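Visitor: Heads up, the sequence shown is in our numbering, so the first residue is 415 and it goes up one at a time.
Where a beta carbon is used, it is the ideal one built from N, C-alpha and C, also for glycine.
Just so we're clear, the structure is a prediction, and the values are computed from it rather than from any experiment.
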Amino acid sequence: MSEPAKNTLTPVAQKFILHWGEMGTRWGINRTVAQVHALLFLSPHPLPADEISETLAVARSNVSTSLRELQGWRIVRVVHVLGDRRDHFESTKDVWEIFRIVSEERKRREIDPTLNVLAECVREVKSNPQGDAYTRERLESMLEFLTAMTG
Numbered sequence: 415m416s417e418p419a420k421n422t423l424t425p426v427a428q429k430f431i432l433h434w435g436e437m438g439t440r441w442g443i444n445r446t447v448a449q450v451h452a453l454l455f456l457s458p459h460p461l462p463a464d465e466i467s468e469t470l471a472v473a474r475s476n477v478s479t480s481l482r483e484l485q486g487w488r489i490v491r492v493v494h495v496l497g498d499r500r501d502h503f504e505s506t507k508d509v510w511e512i513f514r515i516v517s518e519e520r521k522r523r524e525i526d527p528t529l530n531v532l533a534e535c536v537r538e539v540k541s542n543p544q545g546d547a548y549t550r551e552r553l554e555s556m557l558e559f560l561t562a563m564t565g
């Protein structure tokens, strides 16, 4: 009897990977990026890009782009496997750590730039003697809220 192909997924794994990909699109993440992450999260060992591509039936170039994005998010890293010259990839496995990292990255990418622009707008409206008091109040309120919420 032959061994099952390396890229065979159980029905449960398939269901999770498809769902994670769908949820990724709702979170503003490319579907393939989310599916690659789901596959690596479920994999008990690091996977090379070509195996990820075969397993998910997506183009190798799309896998490479997805892996770079996941590395940029710091939830996937390159590992080396003895006897194999290819790069292999693994996901952070600790769910709490994934949540912490993603939260930190989202703050850095999404909230911090908004805080900077709000602070700049508040400075500008305060420095203008004819500045709109209502606009200043609204901007200060939002800046105060976001600062308090994000520490």
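I'd like the span of the alpha helix (DSSP H) that includes Val536, first residue to last.
Guide: Element bounds for Val536: Asp526 to Ser541.
Visitor: Note down the Cα distance separating Val495 from Ser505, rounded to an integer number of angstroms.
Guide: Going from the Cα of Val495 to the Cα of Ser505 covers about 15 Å.
Visitor: Compute the Euclidean distance between the alpha carbons of Val531 and Leu553, then round it to the nearest angstrom.
Guide: Their Cα atoms are separated by approximately 10 Å.
Visitor: Which term fits Trp434, buried or exposed, when burial requires 16 or more other beta carbons within 10 angstroms of its beta carbon?
Guide: Buried is the call here.
Visitor: Could you pull the start and end residues of the beta strand (DSSP E) that Asp464 belongs to?
Guide: That residue, Asp464, is in no beta strand (DSSP E); its alpha helix (DSSP H) goes Ala463 to Leu470.
Visitor: In whole angstroms, what separates the C-alpha of Gln566 from that of Ser457?
Guide: The chain is shown from 415 up to 565; residue 566 falls before or after that span and cannot be answered.
Visitor: Which residues in the same chain have their Cβ closer than 6 Å to the Cβ of Arg488, if we skip the five residues on either side of it in sequence?
Guide: The answer, listed in chain order, is Ile515.
Visitor: Check whether the stretch 516-525 and the stretch 534-549 are in contact - that is, three or more C-beta pairs closer than 8 Å.
Guide: In short, these stretches do not touch, since the Cβ pair count stays below three.
Visitor: Spatial neighbours of Thr564 within its chain, please: CB distance less than 7 Å, with the 5 preceding and 5 following residues excluded, ordered by chain position.
Guide: Answer for Thr564: Lys521 and Ile525, listed in chain order.
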